[in-house]
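Encoded as structure tokens, the structure appears first; notes follow it.
Number of protein chains: 2
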Amino acid sequence: MKTVSITEAAAMLLTHDHIIILMHKSPDGDAIGCAYALCYALRKLGKSAQVRCSDPVPEKYGYLTKEVPDQHFTPAYIVSADLAAEQLFGDALQEYTDRVDLCIDHHGSNSGFARYGIIDPSAGACTQIVLRVIEAMEVPIDRYLANAIFTGLSTDTGCFKFSNASSETFRIAAEMIDKGAESAMINRIMFDTKSRARLEIERMALDSVRFYADGQIATVSVTQQMLRQSGADESETEGIASIPRQIEGVRIGITIKEKEDGTFRISMRTTDDVDASAVCAVFGGGGHKAAAGCSVSGTAEEVTRQLVAVSEKFLGESI
Amino acid sequence: MKTVSITEAAAMLLTHDHIIILMHKSPDGDAIGCAYALCYALRKLGKSAQVRCSDPVPEKYGYLTKEVPDQHFTPAYIVSADLAAEQLFGDALQEYTDRVDLCIDHHGSNSGFARYGIIDPSAGACTQIVLRVIEAMEVPIDRYLANAIFTGLSTDTGCFKFSNASSETFRIAAEMIDKGAESAMINRIMFDTKSRARLEIERMALDSVRFYADGQIATVSVTQQMLRQSGADESETEGIASIPRQIEGVRIGITIKEKEDGTFRISMRTTDDVDASAVCAVFGGGGHKAAAGCSVSGTAEEVTRQLVAVSEKFLGESI
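These protein sequences, in sequence, are chains B and R. Position one of the first sequence corresponds to residue 398 (my numbering), numbered consecutively onward. Position one of the second sequence corresponds to residue 398 (my numbering), numbered consecutively onward.
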């Protein structure tokens, strides 16, 4: 992958048409914010543009999806945003893994699958980079774009809570609010809205908390049975991953979600002195320093034991 | 009370010495941020200054309190910050209710108890105003002051989640981060740290959720028995007030905390279309539009019934 500047990326987009923008599977607010902002901006320039993803966009992002109706065309230029590696394309986008023309990302671990790319790990959210590209294409930032960019800023930083929310992140958030971003509405949807089913599964999750390594490691479990009993769906378990690390003294918080096929999806959150992406890399996963993930097979007991054993080693070797 | 400008307030502080800064009882992050920032800044100018409060400052604010050791002197000038009314002085500060020289506040409801005052309800946090006063006194903003100001911004806006976090709030947060504010540390202490006792009382609180008015009103109860069983203390129940309003469809979330004397402290959180301070005013309380409080006596059932009945009326008359 050849690294390009914001200006060069903008120039590439300006000279192409029939552009599709790929998101990673299970798209989050930053991926959705990036893709819809880019798509909307490209359409403002009179181009055909379409967002593509292996998974559906959760309904709560309706304020972004509703203004970008589907377009059908043969793709001539392929862009990805917030997409770090081939295995995150998901089933429906497999055909594109080696066909991406331009990659815009903020994951330092980006595997370099694209022809050209901007990778800026200093950006708290990938929408920070996308904003600069849109500005370089001279598309005015209206309320829609402000909302899309703000969605990425807010969701990828835990509502400006984590260390990846830099002064630049706060400054862009201020800019977006001045451009009309409905910050309180977005934050309320993303961080302050729970279905009754979600409330119920959270209660069950609190019941499942277990401690290891003198309370430095905590686990939370979400089983298929808990999902059935609470009536919660997969997407409603999102914030649960932050529960274990919030407990006083916990340096590694591990959320163990049983998938439909019986394997386990692991979300790990760590304090600043433990590298979550390094721990998850042992299991073939990855992510950021304070938040990472992986998939593990086995019985619930085996999986927990393995995760705790590896995590304990990293506690000793902390940065 | 005579309204003064930032410059005039700064001039008043500069011409006086032996200054005490009063906080409201049960001080929160904004009150503490304001008072400690002012006290620290005044000491930097060579003055004797001391923070005073009817209640102790919670331990989690140790990063602010530890650098401002107690000073003993006869007060010659009385300042209050984030203090909206006489009844919030608390028992130990009763002697000062009619002796405040300068009041710095962001509550539109400020009762005007002081001789001079700056009241700016557009400030998401009162530390936004205090920062401007400190700047006007030409005290350089170092890491300590940045941390104190940031603490107010973050805690009074629910970590930049609520509508009172304006672009100005975000911009000042960015400034403070550039001046060295340890934003992630502060946010982690304030929003991402729970004792095991807190975890336990939260689980009990989730159990106590009840719905009224077709799910538009939700209540959560915290009883003395729950406190005893969980081992949680009063201060650990803080964030629980945000639970009921988070539930989908809820426009008025009411948290009913039983106090040691058997009366109830009510915290109300509302969506944008219902004025929480107006509902709480019916019970002699007050606060902000989206977050207010009051105290009510009676049995738990009576109190709940009264609160729900009054709240229902406001649902109909929503703004």
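Backbone N, C-alpha and C fix where the C-beta goes; we use that ideal spot for every residue, glycine too.
Fill in: Cα-Cα separation between B:CYS431 and R:LEU596, rounded to whole angstroms
35 Å
Item to complete: State yes or no: is the beta carbon of R:PHE588 nearer than 8 Å to at least one beta carbon in chain B?
Response: yes
Discussion item. Nearest by alpha-carbon distance to R:ASN544: which of R:ILE583, R:PRO537, R:PHE567, R:GLY521 is it?
Written reply: R:ILE583
Discussion item. Rounded to whole angstroms, what is the Cα-Cα separation between R:ILE586 and R:LEU480?
Written reply: 24 Å
Worksheet item: Do the stretch 562-570 of chain R and the stretch 522-540 of chain R meet, that is, are 3 or more Cβ pairs less than 8 Å apart?
Response: yes
Worksheet item: Which residues in the same chain as B:ALA638 place their Cβ atom closer than 7 Å to its Cβ, once the five residues preceding and following it in sequence are excluded?
Response: THR652, SER664, ARG666
Worksheet item: Beta-carbon of B:SER592 versus every beta-carbon of chain R: anything under 8 Å?
Response: yes
Worksheet entry | Beta-carbon neighbours of B:CYS431, restricted to chain R and to distances below 9 Å | In chain order: nothing, as chain R lies at least about 20 Å away.
Practice prompt. Starting from the C-beta of R:HIS421, find all residues in its chain whose C-beta is less than 6 Å away, skip the five residues before and the five after it, and write them out in chain order.
Written response: ALA428, LEU480, LEU485
Item to complete: List the residues of chain R whose Cβ lies closer than 7 Å to the Cβ of B:GLN643, in chain order.
Response: ASP589, THR590, LYS591
Practice prompt. With R:GLN447 as the anchor, note down where its beta strand (DSSP E) starts and where it stops.
Written response: 446-449
Worksheet item: Does any CB atom of chain B fall closer than 8 Å to the CB of R:ALA545?
Response: no
Worksheet item: Alpha carbon to alpha carbon, how far is B:PHE559 from R:ALA581?
Response: 5 Å
Worksheet item: At least one CB of chain R closer than 8 Å to the CB of B:VAL671: is that the case?
Response: no
Worksheet item: When the distance is taken between beta carbons, is B:THR616 closer than 8 Å to B:THR701?
Response: yes
Discussion item. On the CB-based measure, 16 or more other CB atoms within 10 Å of its CB, does B:ALA697 come out buried or exposed?
Written reply: exposed
Discussion item. Just verifying my parser: in three-state terms, what is the DSSP assignment at B:SER519?
Written reply: coil
Discussion item. Measuring straight from C-alpha to C-alpha, what distance separates R:GLY443 and R:LYS576?
Written reply: 22 Å
Discussion item. Within 8 Å of any Cβ in chain R, is that where the Cβ of B:ASP425 sits?
Written reply: no
Item to complete: Say whether chain R places a C-beta atom closer than 8 Å to the C-beta of B:SER694.
Response: no
Discussion item. Between B:LEU542 and B:ALA406, how many whole angstroms is the CB-CB distance? I'm expecting something under 8 Å.
Written reply: Not really, about 17 Å apart at Cβ, beyond 8 Å.
Practice prompt. Quick one: which residues of the stretch 566-578 of chain B get their C-beta closer than 7 Å to a C-beta of chain R? List them in chain order.
Written response: PHE567, ARG568, ALA570, ALA571, ILE574, ASP575
Item to complete: Spatial neighbours of B:ALA629 within its chain, please: CB distance less than 6 Å, with the 5 preceding and 5 following residues excluded, ordered by chain position.
Response: ALA594, ARG595, ILE598
Worksheet item: From R:VAL527 to R:THR404, what does the alpha carbon distance come to, in whole angstroms?
Response: 12 Å
Discussion item. Pairs of beta-carbons, one from the stretch 618-634 of chain R and one from the stretch 643-660 of chain R, closer than 8 Å: are there three or more?
Written reply: yes
Worksheet item: Which residues in chain R sit within 9 Å of B:CYS677, going by Cβ to Cβ distance?
Response: Correct list: empty, because the minimum Cβ distance to chain R is about 20 Å.
Item to complete: Under 8 Å by Cβ, that's how I've got R:PRO424 and R:CYS450 pegged, so tell me the actual separation to the nearest angstrom.
Response: 5 Å
Item to complete: Taking a Cβ distance cut-off of 9 Å, strictly less, list which residues of the stretch 600-629 of chain B are near chain R, in chain order.
Response: ARG600, LEU603, ASP604, VAL606, PHE608, GLY612
Practice prompt. Taking C-beta pairs closer than 7 Å, name the residues in chain R that B:LYS558 reaches, listed in chain order.
Written response: CYS556, ASN584, PHE588, ASP589
Worksheet item: Mind checking whether B:ILE649 and B:VAL671 have CB atoms under 8 Å apart?
Response: yes
Discussion item. Is R:ALA562 close to chain B? Criterion is C-beta to C-beta, closer than 8 Å.
Written reply: yes
Worksheet entry | Neighbourhood of R:ASP488 by C-beta, 7 Å cutoff - its chain only, sequence neighbours within 5 removed | SER451
Worksheet item: When the distance is taken between beta carbons, is R:VAL454 closer than 8 Å to R:ILE416?
Response: no
Worksheet item: For B:LEU542 and chain R, any beta-carbon pair shorter than 8 Å?
Response: no
Item to complete: Would you tell me roughly how many angstroms separate the C-alpha atoms of R:ALA562 and B:GLY659, rounded to the nearest one?
Response: 43 Å
Worksheet item: From R:LEU499 to R:THR412, what distance separates their C-alpha atoms?
Response: 13 Å
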